[in-house]
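**Student:** Structure incoming, see below.
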Amino acid sequence: MRNNKKVNKKQSAMNGSKRRWLLKLLAVAVLLSGMYFGMRYSLNFIHSLYQINEVIFYGNKHLTDSELKAIMGIKGNESLIELSSKEIATKLLKSPWVRAVSFRKDFPHRLLVKIEEAMPFALLEMKGRIFFVDDRGNLLEEIKGDSIPFLPIISGDPFKNDGSFSEALNLVKVMKGKGFINMKNRIEIIIPPGSGPEDITMQIDGTLVKVGYGEYEEKLERLLDLEDEIMRRGIPVDYIDLRFANRVVVKPINEVIK
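Here it is as structure tokens:
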């Protein structure tokens, strides 16, 4: 009988110990659960305090505010505190139109976004399609429809004639700097397939001009001086060759005059 009593007391003690551990585990679980839901409530409360209600863009001319919001992935329920400027900048910079971007968080509810856009610099005509390109030669957007704004046209494939394409861009820069483009109705810079920069030519209002490589400012000055003389004398011109140093070759319809 004494042995049975001892066994019963031992089992009772063990059962009591188990109950105490279970109670402790339950208390810890309740505490952790309370902490979890308390933190979630606090975060949701903070989120609601700094939720973005307004996004203001400035500096954008081509891309609309709606397009920029779509690129950023802004849906209107984000928090200024949680918003990662680095992540949305990475998204925006994937657009060829966006050259640089900066942000300012105007607490509690407003995000200011400054956009530096690329500007259409010239038109690229390639394989029957026309694109806006910037001054670095990046393709910005294909032009759809019949309406084409006046910009110098570069005809050729930049992926096959990279060196010639870079020189064509340099030529456009010089023409813009001298105001040459504003004097003409249509300028087309032609990069023949498989050619080098020395073979660059232009069609200027229907007149073929062989430009060649480099010294574009001097060549354009000689061309402007020559155009006045051609108009004064009424010479029907087949082509003009600017590739020779310090002189210009004019090929009239019937003969060569040097």
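For the sequence shown, counting from 1, position 55 maps to 74 in this note's numbering; every step adds exactly one. All C-beta atoms, glycine included, are put in the ideal place defined by N, C-alpha and C. Predicted model only: the values in this text are computed from it and were never measured.
Residues in the same chain with beta-carbon distance under 7 Å from Val117, minus the five sequence neighbours each way, listed in chain order, please.
**Tutor:** For this step, residue 117 is matched to residue 98 along the sequence shown. Here the set comprises Leu111, Ile134 and Glu136.
**Student:** Could you compute how far the alpha carbon of Gly213 sits from the alpha carbon of Ser174?
**Tutor:** Translated into positions along the sequence shown, residue 213 becomes position 194. Translated into positions along the sequence shown, residue 174 becomes position 155. C-alpha separation (whole angstroms): 13 Å.
**Student:** Leaving out five residues on either side along the sequence, give the residues of the same chain with a beta carbon under 7 Å from the beta carbon of Arg252.
**Tutor:** As a first step, residue 252 must be located in the sequence shown, where it is residue number 233. No residues qualify anywhere along the chain.
**Student:** Report the residue ranges of all beta strand (DSSP E) runs contained in full by the stretch 180-215; include only those spanning at least 3 residues, in chain order.
**Tutor:** For the stretch 180-215, whole beta strand (DSSP E) runs of length 3 or above, ordered along the chain, are 206-209.
**Student:** Measure the CB-CB distance between Pro115 and Asn157 and report whether it falls below 8 Å.
**Tutor:** Residue numbering aside, residue 115 sits at position 96 when the sequence shown is read from its first letter. Residue numbering aside, residue 157 sits at position 138 when the sequence shown is read from its first letter. A contact, by the Cβ cut-off of 8 Å.
**Student:** Excluding five sequence neighbours on each side, which residues of the same chain lie with their C-beta closer than 8 Å to the C-beta of Phe122?
**Tutor:** Along the sequence shown, read from residue 1 onward, the residue named residue 122 stands at position 103. Once the five neighbours on either side are set aside, the close Cβ partners of Phe122 are Ser104, Ile107, Ala108, Leu130, Leu131, Val132 and Lys133.
**Student:** On the criterion of 16 or more Cβ atoms from any shown chain inside 10 Å, does Pro168 qualify as buried, or is it exposed?
**Tutor:** The residue you call residue 168 lines up with position 149 of the sequence shown. Answer is exposed; the Cβ neighbour count stays below 16.
**Student:** To the nearest whole angstrom, what separates the beta carbons of Tyr77 and Leu99, a pair I think is in contact under 8 Å?
**Tutor:** In the sequence shown, the residue the question calls residue 77 occupies position 58. In the sequence shown, the residue the question calls residue 99 occupies position 80. The Cβ separation is near 18 Å, so there is no contact.
**Student:** How many whole angstroms separate the CB atoms of Pro171 and Met145, which I take to be in contact at a CB cut-off of 8 Å?
**Tutor:** The residue given as residue 171 occupies position 152 in the sequence shown. The residue given as residue 145 occupies position 126 in the sequence shown. Wrong, their Cβ atoms sit about 15 Å apart, outside the cutoff.
**Student:** For Ala108, which of helix, strand or coil comes out of DSSP?
**Tutor:** Residue 108 sits at position 89 when you count from the first residue of the sequence shown. In this structure, Ala108 counts as helix in the three-state DSSP scheme.
**Student:** Can you pull the DSSP bridge partners for Tyr258?
**Tutor:** The sequence position of residue 258 within the sequence shown is 239, counting from 1. The partner list for Tyr258 (beta bridge, DSSP) reads Leu227 and Lys270.
**Student:** Give the single residue among Arg155, Lys179, Asp154 and Ile149 whose Cα lies nearest to the Cα of Glu161.
**Tutor:** As a working note, residue 161 is residue 142 in the sequence shown. If we check each option's Cα against that of Glu161, Ile149 comes out closest.
**Student:** Is it buried or exposed, Leu44, if we count other Cβ atoms within 10 angstroms and call 16 or more buried?
**Tutor:** What you label residue 44 is simply residue 25 of the sequence shown in a count that begins at 1. With fewer than 16 other Cβ atoms within 10 Å, it is exposed.
**Student:** Taking DSSP's pairing of strands, which residues face Met221 in a bridge?
**Tutor:** Numbered from its first residue, the sequence shown carries residue 221 at position 202. DSSP output for Met221 lists Ile208 and Val228 as bridge partner(s).
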